[in-house]
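The structure appears right after this line, and notes come after that.
Numbering (this note's numbering), first residue to last: -13 to 493.
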């Protein structure tokens, strides 16, 4: 038994609901040898259909194929309504509910039986809590892995990437090679980072070695720019720490004392456009961590600050200069509500190719893909790879003025709120394409079966990495990956004999 997909195939059918006519719509035919056994059919694509249920229906068929596969098949058909998918959401985002309703899915409460749940991280924590007694059935799918925070908490992301590099180094893997200064040649993609309060002494030693650097302090578990500030003097950190301890003595414990923090070297030489700092928001869909399978969305965007970049110490507290978060910038006097301070990734690449050349643009995005891949590999061994789960991550990347990309953070629940009309369209398409991949053909999820997705169903997603396929190609010596991407352990050098970043990509 295999699946044969067709479009405008000219399949002549006899249905119980009407006279013989041609089925010129998209569907799926399951065939065994030369016998058609089943067609999945969606009436909304059939202009002549009077019966228009809002979901896929099953057409059972008994007959033979005359000629090549779908062409000329004649037989007796029976139309039966397929079960509707029940969906639940608890994040109140219209782009999710609109996508589900467009598929004819039935909305239900998270407390009732559901097949598809777009849940908050708090709900996922409750679902996978060992004390809850809740167990997902084979026909249920949820949008977070149980311990997604291994990548999305800032402190755990840094710890896991550091551990990953140490493990590769211990194995003697060439990916962990270093230069004469001790810098990783291929895995140097997060700024120098320390955990506070655990690494406070280590940080002070680093600060004294490089007293002119600026550092950025962030709460490990918060988003949208909350609780972030910059320092360039050790006394600023000590004052912040003293205020926290004083609050504890007075019985008033500030939230920043309860939270763990990360302090990272601030990228003070960002690439600027129009004199303004920006970062990239990219969407990554992961359907499995073991084996790793990830997709990258082509419709990401750049987020711009509203005030021109300035390294003057008097501007350290001006978040309109330093933080690109829309939740912060939209309150600025110079915020443009028409375009929301954003560029599409496509426009950014056009600017980059026009000002720096296509080779610079291609190399930059190869390096970004490399960063994303190895950040996922860094947590693959510690993530609970539950087959009921998928994850749509929001990656934040900053590019410095040498065109080196840096991973800043990964978001478990990237904002699906829209600030502009184009933003609303992008996020609707994003959710639509995610659902098409994780719930292919609109069928009720089945955790026991593997998801087969064709190019059309992927929409604006591209396959970033398929570990199973990579291993097969490595074993057979056949490379069917996209041009320019190698499945090899060999490194290439540039004209000066320096190793090129991003080689190898898949190992």
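For each residue, glycine too, the CB sits at the ideal point set by N, CA and C.
Residue pairing from DSSP leaves residue 105 without any beta-bridge partner. Boundaries of the alpha helix (DSSP H) around residue 150: 140 to 157. Here residue 140 is not near residue 72, since their CB atoms are 8 angstroms or more apart. Counting along the chain, residue 162 sits inside no alpha helix (DSSP H), nor does DSSP assign it H or E at all. The straight-line gap separating the alpha-carbon atoms of residue 326 and residue 250 is approximately 28 angstroms. Taking residue 288 as reference, the option from 382, 313 and 350 with the minimal CA-CA separation is 382. Exclusion of the five residues before and after residue 137 leaves 143, 365 and 396 as the residues of its chain whose Cβ lies within less than 6 angstroms of its Cβ. Nearest to residue 332 by alpha-carbon distance, out of 88, 266, 300 and 309, is 266. Taking the Cβ atoms as the reference, residue 374 lies roughly 6 angstroms from residue 126, within the contact range of under 8 angstroms.
Counting only runs of 3+ residues, the beta strand (DSSP E) found wholly inside the region 363 to 434 occupies 377 to 385 and 391 to 397, in chain order. Per DSSP, residue 72 is one residue of the beta strand (DSSP E) stretching across 72 to 75. In the three-state DSSP reduction, residue 81 falls in the helix class (H, G or I).
Bridge pairing for residue 93: 73 [DSSP]. Residue state for residue 319 is assigned as coil, using DSSP reduced to three classes. Between the C-alpha atoms of residue 392 and residue 384 there is a straight-line separation of about 5 angstroms.
Per the coordinates, the alpha-carbon of residue 123 lies some 37 angstroms from the alpha-carbon of residue 354. Between the region 412 to 421 and the region 75 to 83, the count of Cβ pairs shorter than 8 angstroms is three or higher; the stretches touch. Separation of residue 178 and residue 417 (C-alpha to C-alpha, rounded to the nearest whole angstrom) is 34 angstroms. Taking 8 angstroms as the cut-off, the Cβ atoms of residue 161 and residue 172 count as close. Between residue 312 and residue 296, the CB-CB gap reaches or exceeds 8 angstroms. The C-alpha of residue 317 lies about 12 angstroms from the C-alpha of residue 293. Under the three-state reduction of DSSP, residue 114 is assigned to coil, being neither helix nor strand. Between residue 356 and residue 388, the alpha-carbon positions lie close to 17 angstroms from each other.
In the DSSP assignment, the residues bridged to residue 250 are 179 and 202.
The C-beta distance from residue 447 to residue 129 rounds to 15 angstroms, too long to fall under 8 angstroms, and the pair is not in contact.
Straight through space, the alpha carbons of residue 117 and residue 427 are spaced by roughly 35 angstroms. Under the three-state reduction of DSSP output, residue 436 falls in the coil class, being neither helix nor strand.
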